[in-house]
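Read through the structure below, which is laid out as structure tokens, and then see the notes.
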Amino acid sequence: MNNSILLYPIFLPLLAGLVCLLIPTKWVKESLSVLVTLATFLLSISIFLRGELIFVRPWLPLEGFQFTLRSYHFSSLILVFITLFGFLISLYSVRFMAGKPRLREYYAYLLWTIGASSGAVLSNSFVVFLLFWGSMAVLLYGLLSLGSYRIATKGLITMGVGDFCLLLGILLLYRISGTFQINEILRIPIEGGISVSAFLLLTIGAMAKIGSIPFQRWIPEASEEVPIPVMAFLPASLDKLLGIYLLSRISLDLFALGANSAVSVLLMIIGSFTIVVAALMALTQSSMKSLLAYLNICAAGYLMVGLATGNPVGIGGGLFYLLNTAIWTSCLFMVAGSVESQIHTTHFGLSGGLAKIMPITFVCCLIAGLSLSGIPPLNGFFSKWMIYQGIIEGGKAGGGGGLWIIWLLAAMFGSVLTLASFMKLTYATFLGTSSKAEVQDAKPQSKEVGLSMLIPMVGLASLCVIFGILAYKIPLGLFISGAVPQMPPAGDWMGWWQPGLVTMLIILGFVVGAIIYGLSKVSVIREDDSYIGGEVATPRMKVSGINFYDTVKNFAGLKGIYGLADKGKLDLSQRGMALSRGIAAVLLGLDRLVDSIWSSLAGFVLLLGRAGGFLHTGILHSYLAWYLLGIIVLLLVFL
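Residue numbers for the sequence shown follow the UniProt record's numbering, so the first one is 1 and each next one is one higher.
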């Protein structure tokens, strides 16, 4: 078996990206991107099927510094989904990005990001890992700069903070273990200052990647200015997959995270806070893209809560949920891109009534949104149920002081808010009325997007259904159980839940409903305009999708939070920049003070020198007299 196959998912996209950057010929970069990402995806499947592989080559002339790659069940699984999303985004971009500026840079950055991400998940040395992981921050800047250099700078600073913490954590981990080889570090107890610091620093690096609070602010801002394929690829899918990988390695392999420990409680607090705050912010957004950005942040909280349970069911649920998040959020961002490509906006006040115009896009949005909201029998329900069960199991184990009830309520409340946000999105975009004349006057079926944009959306929506109905066999049986070997059989914790049976009952319910509806159409029905209290509804009486939940902003305790958020007061990067400017001003003042002191001292010394110069007459007798006077002074002092 030739283990050099591990090099292909890394260097094939890197070389293809260089070709895309150098060759300006039309359609070459698009075709090359699609073909290379498809080939990389197929290679990743081959790697996944081969089991554990290790590739080692001498690299730096130092002991322990080798170019080491390793694929095992979990890393190759993440690799498969990285390359899958890379292929789908490349295919989607063929139509969406056509005619956009800086296309050569876009496809080069896209392919390089796939290669760097593949290198990060396959790295078996922290030195190699940091090389690929750090390069992704630079590539993130390149992709975000396609929309806004300001947002690109903010994203780079945020990732830079996370990567710096990650570097410090790795150095502390090396001090504890004495090695940079990842597979040689086995479940270090989180005891003492060094191990706790290493765990927290590594976790901060992963939190920055998945967009958890307080590293989230750049995502909603980027959603409004950056091309949608970039959003669907990076914060929606790729960053989530890489965050899954790193947090899982930290919690399952590198450290022994105990249930209800102080560290796990801290993660629970951060995760629960992220869920509730992000879901509340999503409720009041006026654009489909910004709403999806906040729901994407909310998902990071569920992963942290799942991992913090410390038991296999909760950890598996967190991994499954974030994997699902990459699927449905990427699908929903593609839906937003399809809407934007047709009516040139995703603002809720201008994009209503699209269900009859874009039926396939609407169905994909409906499936992905219901999955996101945790509606059975789709994949979101199953993964959220695992997280709930993990929280309950952690509570039964004791030691948390009853706090598990708070974590459970926060997770369930976040799910309710997510469903409410999706209802707003669906109504405002597809079911309501639009003020845009081209949408109102459009004929059914006249505005659907092309196949290159439909295929990725339909494929991801299909995964939402398949991963829900066949949850036991495919996601749990093939993927999650390998990542969490201690996972008990599903029958031990899922009770009577049978996705297949529930699906059949739901289909039966739809069939019966359709029959009843069909029979009701036999009789003559008189249709009339809707009216309220005997009056015909006027445009003023109609509910706008923008104002669905505006009253939430006036709730006691929330009004202040929303006000601070609207002013950017909760933006960590802005607070950090303000703090940096304050520190810089203080340091500048100290520098000027020290400089003035030294200048004054230099002037004083110069003055003394000039005064002493009068004593240097050049006469030998004078020098001998000063010499004798100095000796007398010394004798008086020391004798």
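Heads up, the beta-carbon is just placed ideally off N, CA and C, and yes, glycines get one too.
Since the model is a prediction, treat every value here as computed from it, not as a measurement.
Is the beta carbon of residue i sitting closer than 8 Å to the one on residue j?
i, j, result
"Leu242", "Ser117", "yes"
"Leu247", "Leu307", "yes"
"Leu319", "Ile466", "no"
"Lys553", "Thr284", "yes"
"Ala259", "Asn183", "no"
"Phe87", "Thr37", "yes"
"Ser383", "Leu419", "no"
"Ala368", "Ile275", "no"
"Ser33", "Ser90", "yes"
"Ile188", "Phe255", "yes"
"Thr179", "Phe215", "no"
"Ile78", "Ile228", "no"
"Trp328", "Gly380", "yes"
"Ile176", "Leu303", "no"
"Ala236", "Ala326", "yes"
"Ile82", "Val121", "yes"
"Leu332", "Cys365", "yes"
"Ile5", "Ser46", "yes"
"Gly468", "Pro489", "no"
"Gly390", "Thr309", "yes"
"Ser415", "His347", "no"
"Tyr92", "Met423", "no"
Find the nearest neighbour of residue i within the set the options, judged by alpha-carbon distance.
i, options, result
"Lys289", "Leu267, Ala232, Ile250", "Ala232"
"Leu12", "Leu110, Ala98, Ile250", "Leu110"
"Leu84", "Glu448, Gly394, Ser330, Met423", "Ser330"
"Leu140", "Tyr107, Val127, Leu171, Val128", "Tyr107"
"Glu225", "Leu267, Arg150, Ser46", "Arg150"
"Arg249", "Thr503, Gly563, Thr25, Phe126", "Phe126"
"Val19", "Glu105, Met97, Ser90", "Glu105"
"Leu168", "Val196, Gly147, Leu146, Ser148", "Val196"
"Thr361", "Ile455, Leu476, Trp496", "Ile455"
"Gly395", "Ser264, Pro376, Gly477, Met281", "Ser264"
"Asp353", "Phe413, Ser415, Lys447", "Before going further, note that residue 353 is Gly rather than Asp in the sequence given. With distances taken between Cα atoms, Gly353 lies closest to Lys447."
"Leu323", "Pro488, Ala300, Leu409", "Ala300"
"Leu69", "Ser75, Phe55, Leu624, Ala355", "Phe55"
"Ala152", "Leu634, Leu22, Val230, Ala278", "Val230"
"Val363", "Val305, Phe430, Ser341, Ile406", "Phe430"
"Tyr562", "Ala279, Gly51, Ile375", "Ala279"
Just list the residues that DSSP pairs residue i with in beta bridges.
i, result
"Gln66", "Pro58"
"Ala282", "In the DSSP output, where bridge partners are listed per residue, Ala282 has none listed."
"residue 641", "Only positions 1 to 639 of the chain appear in the structure, and residue 641 is not among them; the question remains open."
"His347", "Ser287"
"Gln181", "Ser125"
"Leu42", "Answer is none; Leu42 lacks a bridge partner."
"Leu53", "Ser71"
Decide if residue i is buried, meaning its Cβ has at least 16 other Cβ atoms within 10 Å, or exposed.
i, result
"Asn296", "buried"
"Phe48", "buried"
"Asp163", "buried"
"Met268", "buried"
"Ser351", "buried"
"Leu186", "exposed"
"Ala206", "buried"
"Trp626", "exposed"
"Pro377", "buried"
"Val449", "buried"
"Leu172", "buried"
"Leu408", "buried"
"Gln445", "The pLDDT assigned to Gln445 is 43, lower than 50, so where the model puts this residue is not dependable, and the model offers no usable value."
"Ile315", "buried"
"Pro58", "exposed"
"Gly17", "buried"
"His344", "exposed"
### Message
Extract the residue ranges of the beta strand (DSSP E) inside the segment 442-479, only unbroken runs of 3 or more that lie entirely within it.
### Response
none
### Message
Extract the residue ranges of the alpha helix (DSSP H) inside the segment 230-276, only unbroken runs of 4 or more that lie entirely within it.
### Response
Runs of the alpha helix (DSSP H) inside the segment 230-276: 239-248.
### Query
Which ranges does the alpha helix (DSSP H) cover as unbroken runs of at least 4 residues, wholly within the segment 109-161, from first to last along the chain?
126-144
### Query
Curious, which full-length alpha helix (DSSP H) runs of at least 4 residues does the segment 583-616 contain?
none
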